[in-house]
Amino acid sequence: GNSVTQMEGPVTLSEEAFLTINCTYTATGYPSLFWYVQYPGEGLQLLLKATKADDKGSNKGFEATYRKETTSFHLEKGSVQVSDSAVYFCALSASSGYSTLTFGKGTMLLVSP
Amino acid sequence: KAGVTQTPRYLIKTRGQQVTLSCSPISGHRSVSWYQQTPGQGLQFLFEYFSETQRNKGNFPGRFSGRQFSNSRSEMNVSTLELGDSALYLCASSLEPSGGQYNEQFFGPGTRLTVL
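Chains as they are written, first to last, in my numbering: chain F, 1 to 113; chain Z, 114 to 229.
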C-alpha cells in the first residue's frame, strides 16, 4: 500500500536558519505529492505540491522537488521566520482511482527569535 | 469564496453516545473527504463522497458512517462512542474526486471531539 515517512520532530531552529524536512514515500505508479502546514488550532493548509517527477513545488519561500529515483519530496526553506512555526505534513495522492491523501506523521517546527 | 466550514468546532460527549458532525464544502466542490487526526495515529482517512455516493472508505469500524446531500454538504456520524474516538475530525473538499488535475483538497478547521 501507499505510505509516507517523514522525519520526526520537533525541529528547533533560530530565525533565518536553513530548513530541511525529509520526506520519502512508497507508492505504485506516479502519485502526486503535497506538503501541508497546520498552525495551532487550525486545519491543514496546502503549502505546495508536485504532480510529476522532477517538478518543483514552491510557495512562500518553501520548495520541494519530486525525486522519483529516490522516492523523496524534501521540504526546504532558505531562511525561516518565527511565523513558520507549525506542524508540516508530507502527503501523497495515488495516480489514479481516488484523491485520498496518505499522510506522514507530521514534523513540528519551532523557530525562535 | 468562503472556505470549508465545519460545525460544531468543539464537542464533548460521553461513552456510548452518538455524535453527528457537519461539513459544508467550498461552493462548487462536489467531493468531500473526512479524516481523523490523533496524536498517536496521525491523520487517517475515513471516507470520501462524491455526488451523494461513498466512493472510498478507510479502515474504520462500522460505527463510523457518513453521507452527502444533494448540495454537497456532508455529515459523519459516530455511534456508540469510545474513549479512543477522541480526535480532531477534518473535512476536505475538492472539485473532482479522483485522479483529475483538480483533485486538490482544501481542509476545514476541524471539529474537536472529546469523549469522556
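Every residue, glycine too, gets a C-beta built ideally from N, C-alpha and C.
| query | result |
| --- | --- |
| Closest by C-alpha distance to F/Ser79, when choosing among F/Phe89, F/Thr20 and F/Leu47 | F/Thr20 |
| Local conformation of F/Val82 per DSSP, three classes | helix |
| Rounded separation between Z/Arg143 and Z/Ser206 - CA only | 7 Å |
| Buried/exposed call for F/Val82, threshold 16 Cβ in 10 Å | exposed |
| CA-to-CA distance, F/Leu13 to Z/Gln181, given in whole angstroms | 43 Å |
| Boundaries of the beta strand (DSSP E) in which Z/Ser144 is found, first to last residue | Ser144 to Thr151 |
| CB contact below 8 Å: F/Lys105 versus chain Z | yes |
| Beta-bridge pairing of F/Arg67 - partner residues as DSSP gives them | F/Ser72 |
| Segment contact flag, the stretch 150 to 157 of chain Z with the stretch 124 to 131 of chain Z, C-beta cutoff 8 Å, min 3 pairs | no |
| Within chain Z, the residues that F/Leu101 reaches when beta carbons sit closer than 9 Å | Ser146, Tyr148, Leu156, Phe158, Ala205 and Gln218 |
| Cross-chain neighbours of Z/Gly179 in chain F, by beta carbon under 9 Å | None at all; the shortest Cβ gap to chain F is about 14 Å. |
| Residues of the stretch 78 to 93 of chain F with Cβ closer than 9 Å to any Cβ of chain Z, in chain order | Phe89, Ala91 and Ser93 |
| Contact check, F/Tyr88 vs F/Val37, beta carbons under 8 Å | yes |
| Closer than 9 Å at the beta carbon, the chain Z residues around F/Glu16 | Within chain Z, no residue comes near F/Glu16; the closest Cβ sits about 29 Å away, beyond 9 Å. |
| Amino acids of chain Z, ordered along the chain, whose beta-carbon sits closer than 9 Å to that of F/Lys56 | Within 9 Å Cβ-Cβ: nothing; F/Lys56 doesn't reach chain Z, min ~17 Å. |
| Residue range of the unbroken beta strand (DSSP E) whose run includes Z/Val228 | Thr224 to Val228 |
| Interfacial residues, the stretch 11 to 42 of chain F to chain Z, with Cβ spacing under 7 Å | Glu42 |
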